[in-house]
Structures are given as structure tokens and as C-alpha cells.
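Residue numbers (my numbering), protein chains in the order written: chain A, 1 to 303; chain B, 1 to 160. We treat Cβ as the ideally placed atom computed from N, Cα and C, and that holds for glycine. Worksheet: the structure to be examined is printed underneath.
Encoded structure:
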């Protein structure tokens, strides 16, 4: 489904292209390297097919990477979990490992589009399509995920904070493939949440996405991460908001200050879904709700 | 350049020659003449094109024809097997008057059948959230949700 450009598909036909199904990563990279920006990677197709119909992307070569082995597994690694880039969103939502360790990611996955779309859409595709409203980005930002990207000369690991360059732009240039996402295990005492706000309860591009985590030691916030989606050219961390909370006792006043700071951290535009002012207001509302929720959860657990 | 794809639809094997720039929806409707699956938006938003791919509901308008090679597809035409003449979900939709123009109905029935296969006792909320990807312009969804609940009960009774 197509997000922030809000174009309606006119049911135009798909342009002609040459289609490949490389069975190995090596061959896939060879093709992408050879055809450069005339080629597009096909993962779930839930963004690419729509964009091709709308004439936004016009690849002469389409490289379906779903036949490459082992890119859709979720596995435990040293102190964290590795999620293959081709893992479909439903698999992420239904994973009990992810639900337990990364609740914000579980929640965000469950709110993406529809059940049918989630059976095809992949985490890699959601990140590489790089809509500012990408649902899976804010949780990965608060968990400080590292993205492993392959090209013909090898592999590199990029912290998610440096992954997004602008609307629709990431460090995954032509010739590269996002292979997998490493998500380090949150520290003991960390609570996290993802909230999505849209005009509808489902099947919607977010007006505001908020992911937040707090690591509590007694009542003091030892660590806090707040990430915002849909309110800047890329998904972002709200660092001044984080500074308002970190090291302090989490109470009403601190939460209020943090929520206001988060609104200042955001740089939204006005578009068909909402005005910039409204988005800024909603950042404050939803950051407040998120932090309240984390505080409540932490108090409940302490009994 | 046309390529050959082999796919299994409703239990039967088919061979189709097609350019890659067509979708599974195109193949089902135009090549196999299984017109029960509908074209609503061609962009994965309305769900009128919903089919089961290897058991999972998907928007067939977002799947390129060559991606379906070797795969197992069930369309609305295949839903009533093996419980001929009608699947309990289809029966319930008729009994509850959950159909007006009928355009969304094939997609909704496929989605609902898949839901009940994985969750035999869904709550009303679960039914609604499962069907967010199937738009109905006519009914307002009330009867549809009732029909899914009734179908769930039928299916539970059949098993017990």
C-alpha cells in the first residue's frame, strides 16, 4: 500500500520489465550491481507494485529476492535477536519471542495495514521503502537496532539512527540488499510501548507514531528512548524529550515536560492527513500517553 | 518475454504463459477465467482480490504472476470444497443477509474462512480487526460480523 504521497492507483497496467528470481544472495547482488538504479528489489511487493502502477518507480529489472535462503528467519544471537529482512510482518507480530523482548515492535507490527498485507509485507521492505510514517521504524529506533547490509564487496552494519536519509531514501543504495536486522536485548527493568494515531483505527498511514521505552531503577528513569514517526522527513529520536526524563523520577511534571519537548523535536509538514500544528499537538498527546503507560506498567509490576 | 508458470488453484494444476508484468489477480480472472475473485483497487487496500496463497489470505493484486509459480492458491470458487455444496461461512452469509451487491463478498468470505481456521472462536473485536482489509460499501458490516460469528458456531458444532 502506498503511504505519504496519497496518490490513488488508477488501475494502470504495470510497465514492462525483466524479472529475476536469484536463488542466492551472491547472484542477487550481482544483478543489482549490474543494473544499478534500473533495478528494484522485490520483497513483499506491497509498496513496489503500487508504486510501479502509479509510475513512481519504473524499474527495467525486477529482482525478486524471496528465493534467497535464510533471509526470513528470526533467530537468537549474542544478547539479542536477529530478524531476517524478508520476515513478513505477520510473522513478527505472531512471534512470542519478539512479543516478550520487544513489545513495541510486536505492537507496531500488529497495526500495519491489514492481515492480507501483513502476510506479504516484510520488515526489510518497510524500512527500505523509508516512508516517514514507516510503522516498524520507531520501535527499532528505541531498541537501537543495527541493520546489516550486503553488497558485492561484503557486509556492513549500520545503526538505525544513520539508516534513514530522507523521505524514501536510505543508505541502501542501488546494488545493496538489507539482509537482516539485529535488535539488542533491552536491559532488565525496561518497559516499552508503541502507539499509532491515524484518522481510522486501521488500514491507515499514521498521523503520528510514537515508540517509547523507559528503564526504571526504583522510580528513577535510568534510560529512556523516544522515537517519533510521521512528523519529520524520516523517523526520528526525540532527544530533547529523552533528556527531560533521563535520570529523573518519572512523575506528571516530568512527563509533561518531555511531551512538550517531543513536540518541539518534531518537524512535521501539513498534508492531506493533518496540519503540521495538529501533528505537533498529537506528538505531545501521544508521548504523554506512552510515558504514562510505561510508568503505570512499571508500578504494576512492582506490586 | 513470456514465461511459463505452473500453479495449483483450488486443487487443480494449471500451466500459464504470461509476461511477468501481470499479477496473480490478472491470471486468475483472465487466464483461468475464475472471475469470483474481484478487482477493486489494484493497490492492496480494498481486499476484493483476496485469495489464499499457501493457506494465507493475501491481496492477489500485489503478487506478480511469476511469484505464484509452484504455489498453492485457493479462490472463492474453491472455498466450498470439501464441504460441498457450501462452506459454513457461505451458508451463514446467506442466512444472515450479509450480502447486498456481493462485490466484496468473495474476498470477505476467503478472509473469514482463514480466520476461523486459525481461530475457531473469535471475539467480535477480533473479527472486525481481521476484516479491516476487506472494504464493504453496502452493508455497514453489522450483518457480516454476525455471519462470521454464526459460521464460527456452526463450525464448532460440526467438530464437537
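Element boundaries [beta strand (DSSP E), containing residue i]
| i | result |
| --- | --- |
| residue 215 of chain A | 208 to 217 |
| residue 52 of chain B | 50 to 53 |
| residue 14 of chain B | 12 to 18 |
| residue 40 of chain A | 39 to 42 |
| residue 192 of chain A | 190 to 197 |
| residue 161 of chain A | Unbroken run through residue 161 of chain A: none, as it is neither H nor E. |
| residue 93 of chain B | Counting along the chain, residue 93 of chain B falls outside any beta strand (DSSP E), though it belongs to the alpha helix (DSSP H) covering 88 to 95. |
| residue 252 of chain A | Residue 252 of chain A -> not in any beta strand (DSSP E); alpha helix (DSSP H) instead, spanning 252 to 265. |
Member of the options whose CA lies at the smallest distance from the CA of residue i
| i | options | result |
| --- | --- | --- |
| residue 88 of chain B | B:17, B:30, B:156 and B:126 | B:156 |
| residue 90 of chain A | A:129, A:119 and A:158 | A:119 |
| residue 275 of chain A | A:232, A:240, A:238 and A:148 | A:232 |
| residue 65 of chain A | A:45, A:104 and A:56 | A:45 |
| residue 143 of chain A | A:217, A:155, A:223 and A:54 | A:223 |
| residue 120 of chain B | B:132, B:154 and B:110 | B:154 |
| residue 260 of chain A | A:245, A:187, A:125 and A:71 | A:245 |
| residue 145 of chain A | A:241, A:258, A:85 and A:278 | A:85 |
| residue 263 of chain A | A:238, A:250 and A:253 | A:238 |
| residue 110 of chain B | A:115, A:200 and A:106 | A:115 |
| residue 253 of chain A | A:295, A:124 and A:113 | A:295 |
| residue 43 of chain A | A:266, A:128, A:165 and A:109 | A:128 |
| residue 129 of chain B | A:235, A:202, A:250 and A:164 | A:202 |
| residue 36 of chain A | A:172, A:221, A:279 and A:217 | A:172 |
| residue 67 of chain A | A:83, A:48 and A:25 | A:25 |
Cβ neighbours of residue i in the same chain (closer than 6 Å, five flanking residues each side left out)
| i | result |
| --- | --- |
| residue 6 of chain A | Confidence is the limiting factor: at residue 6 of chain A the pLDDT is only 41, short of 50, which leaves the residue's position unreliable, though a coordinate-based value still follows. Around residue 6 of chain A: 272. |
| residue 52 of chain A | 14 |
| residue 103 of chain A | 192 |
| residue 190 of chain A | 213 and 215 |
| residue 8 of chain A | In this predicted model, residue 8 of chain A has a pLDDT of only 48, less than 50, meaning its place in the structure is not dependable enough to derive any value. |
| residue 98 of chain B | 143, 144 and 147 |
| residue 10 of chain A | Because the pLDDT at residue 10 of chain A is just 49, under 50, the model does not fix this residue reliably, and the value given afterwards should be weighed accordingly. Around residue 10 of chain A: no qualifying Cβ. |
| residue 150 of chain A | 177 and 179 |
| residue 209 of chain A | 138, 196, 229 and 230 |
Chain-order list of residues whose beta-carbon lies under 7 Å from that of residue i (same chain, five-residue window excluded)
| i | result |
| --- | --- |
| residue 17 of chain A | 59, 60, 61 and 62 |
| residue 5 of chain B | 16, 18, 65, 66, 68 and 69 |
| residue 77 of chain B | 10, 34 and 36 |
| residue 255 of chain A | 288, 291 and 292 |
| residue 95 of chain A | 74 |
| residue 77 of chain A | 182 |
Opening and closing residue of the alpha helix (DSSP H) in which residue i lies
| i | result |
| --- | --- |
| residue 156 of chain B | 142 to 159 |
| residue 143 of chain A | Residue 143 of chain A -> no alpha helix (DSSP H), and no H or E assigned at all. |
| residue 284 of chain A | 276 to 302 |
| residue 106 of chain A | 103 to 110 |
| residue 67 of chain B | Note, residue 67 of chain B: premise wrong, no alpha helix (DSSP H); not H, not E. |
| residue 57 of chain A | Taken as a continuous stretch (DSSP letters only), residue 57 of chain A belongs to no alpha helix (DSSP H), as it is neither H nor E. |
Beta-carbon proximity list for residue i, same chain, < 8 Å, skipping 5 on both sides
| i | result |
| --- | --- |
| residue 185 of chain A | 79, 80, 81 and 101 |
| residue 39 of chain A | 31, 32, 59, 60, 61, 62, 63 and 174 |
| residue 243 of chain A | 261 |
| residue 105 of chain A | 92, 98, 136, 139, 140, 143, 183 and 194 |
| residue 162 of chain B | Nothing about residue 162 of chain B can be reported from this structure: the residues present for chain B run from 1 to 160 only. |
| residue 300 of chain A | none |
| residue 114 of chain B | 52, 55, 56 and 57 |
message = Output needed in chain order: residues of the stretch 124 to 149 of chain B with a Cβ under 7 Å from some Cβ in chain A.
response = 129, 130, 132 and 133
inquiry  = Under 7 Å, CB to CB, which of the residues in the stretch 34 to 56 of chain B have a partner in chain A?
reply    = 41, 42, 43, 44, 45, 47, 50 and 56
request  = Give, in chain order, every residue of the stretch 17 to 33 of chain A whose Cβ lies closer than 9 Å to some Cβ of chain B.
outcome  = 17, 18, 19 and 21
query = Using Cβ-Cβ distances below 7 Å, what residues of the stretch 43 to 61 of chain A are close to chain B?
reply = 45, 46, 49, 50 and 53
message = For the pair the stretch 41 to 52 of chain B and the stretch 91 to 102 of chain A, tell me if three or more CB-CB distances fall below 8 Å.
response = no
task = Please list the residues of the stretch 60 to 74 of chain B that have a C-beta atom closer than 8 Å to any C-beta atom in chain A, keeping them in chain order.
result = 61, 62, 63, 64, 66 and 67
query = Taking Cβ-Cβ distances below 8 Å as the criterion, which residues of the stretch 110 to 131 of chain A are in contact with chain B?
reply = 113, 114, 115, 116, 117, 119 and 120
message = To be precise: take each residue of the stretch 14 to 35 of chain B, compare its Cβ to all Cβ atoms of chain A, and keep it if any distance is under 8 Å. Which residues remain?
response = 19, 20, 21, 22 and 23
inquiry  = Any C-beta of chain B within less than 7 Å: which residues of the stretch 189 to 218 of chain A qualify?
reply    = 202 and 203
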